[in-house]
Amino acid sequence: MKYPSLASPTSLVPLLVALIAGALTPLAFAPFGAWPVQIVTLAILLWLVSRQASVRRSVLLGWLYGIGWYTAGVHWLYISMHHFGGMPAPMAALAVVLLSIWLGLFAALAMGGTTWLRLRWRLSHAQAFLLVAPALWGLGEWVRGWALTGFPWLAGGYAHTEGPLGGFAPLVGVYGIGLLAALVAASVALLPQRRWPLVLGAVV
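-7 is the number of the first residue of the sequence shown in our numbering; add one for each residue after it.
If you want it as C-alpha cells, here you go:
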C-alpha cells in the first residue's frame, strides 16, 4: 500500500500530522493520564518516518513532533515566568518555544538516526523500527535527562505509571519503560505493513 502524499519530500501533510501528534502527547501524562495516547502518537510518528527515504525529512518529522510535544507539555512555564515571575509575555512565550525547539532535537536525532541506519545498513523496516528506533528513542530520553543539567520532565515512561507497563518500573526504571513503550509503538506502526509475526513477537 502506497501513500504518495505522505512519502512525498515536498508534502506538508506529514509535517502537520507530526506536529499535531506531538501536541496531543501530553494528554498521556498527569492530570489526564490517558497513557495509550503516548503509544498512539509515537506510533504515528514512527509510521510517518517509515514512509520516508530522506534522513533530513525524518529529522524534521521528529523535530516537529518534539516541538509540539514540549510546547504543549511545558506551557505552564509561560504562566510561571509571566504571571508569577513578571517576565514580559513575548519573552516568556519565546522562552517556552526555544526550550521546546531544544528538547525536540532529541526526537529529531532519534528519527533521523533510524532512517540513516536503515539506509546505511540496508535494514528492513522491521529491523529498523523494532530494534533501532526504540533503542535510539530510549537513548535520547536518557540523554535528555542529564545533558546540560538535564530536563527529565515528560519522559515517556512517566505516562505509564498507571498503565500495564508501570509494573516494569522496579526492574527497568522510567527510561526502560519509555523504551518498552517505544517498542510497542513501533509494533503498532508496522501493522499497516502486515509484519504480523514480528509485531506479535514484539508485543508478547
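Note that the Cβ used here is the ideal one computed from N, Cα and C, for glycine as well.
Please read all numbers here as calculations on a predicted model, not as lab measurements.
- Scanning the stretch 29 to 113 for uninterrupted alpha helix (DSSP H) segments of 4 residues or longer gives 47 to 65, 68 to 71, 81 to 112, listed from N- to C-terminal end.
- With a cutoff of 8 Å on beta-carbon distance, LEU19 and VAL29 are scored as near each other.
- Collapsing the DSSP output to three states places LEU171 in a helix.
- Around the beta-carbon of PHE21, 16 or more other beta-carbon atoms lie within 10 Å, marking it buried.
- By a beta-carbon distance limit of 8 Å, VAL47 does not contact THR63. Their separation comes to about 24 Å.
- Cβ neighbours of GLY25 within its own chain (closer than 7 Å, five residues either side excluded): GLU154.
- With at least 16 other beta carbons inside 10 angstroms of its own, PHE121 counts as buried.
- In this structure, HIS152 lies away from ALA127, with their beta-carbon atoms at least 8 Å apart.
- With a beta-carbon spacing of about 4 Å, LEU38 and ALA181 fall inside the 8 Å limit used to define contacts.
- By the Cβ test, the stretch 83 to 99 is in contact with the stretch 60 to 74, since at least three Cβ pairs between them sit closer than 8 Å.
- Going by DSSP, ALA120 is part of no alpha helix (DSSP H) at all; its letter is neither H nor E.
- Collapsing the DSSP output to three states places PRO6 in a helix.
- Annotated three-state conformation of TRP138 is coil, per DSSP.
- Check the Cα spacing between MET103 and each of LEU52, GLY65, ARG136: the tightest is with LEU52.
- When DSSP states are grouped into helix, strand and coil, PHE21 belongs to the coil group.
- Around the beta carbon of GLY148, a 10 Å sphere encloses 16 or more other beta carbons of the protein chains shown; the residue is thus reported as buried.
- Burial check for TRP134: the Cβ neighbour count within 10 Å reaches 16 or more, so the residue is buried.
- ILE36 and LEU56 have their C-alpha atoms roughly 13 Å apart.
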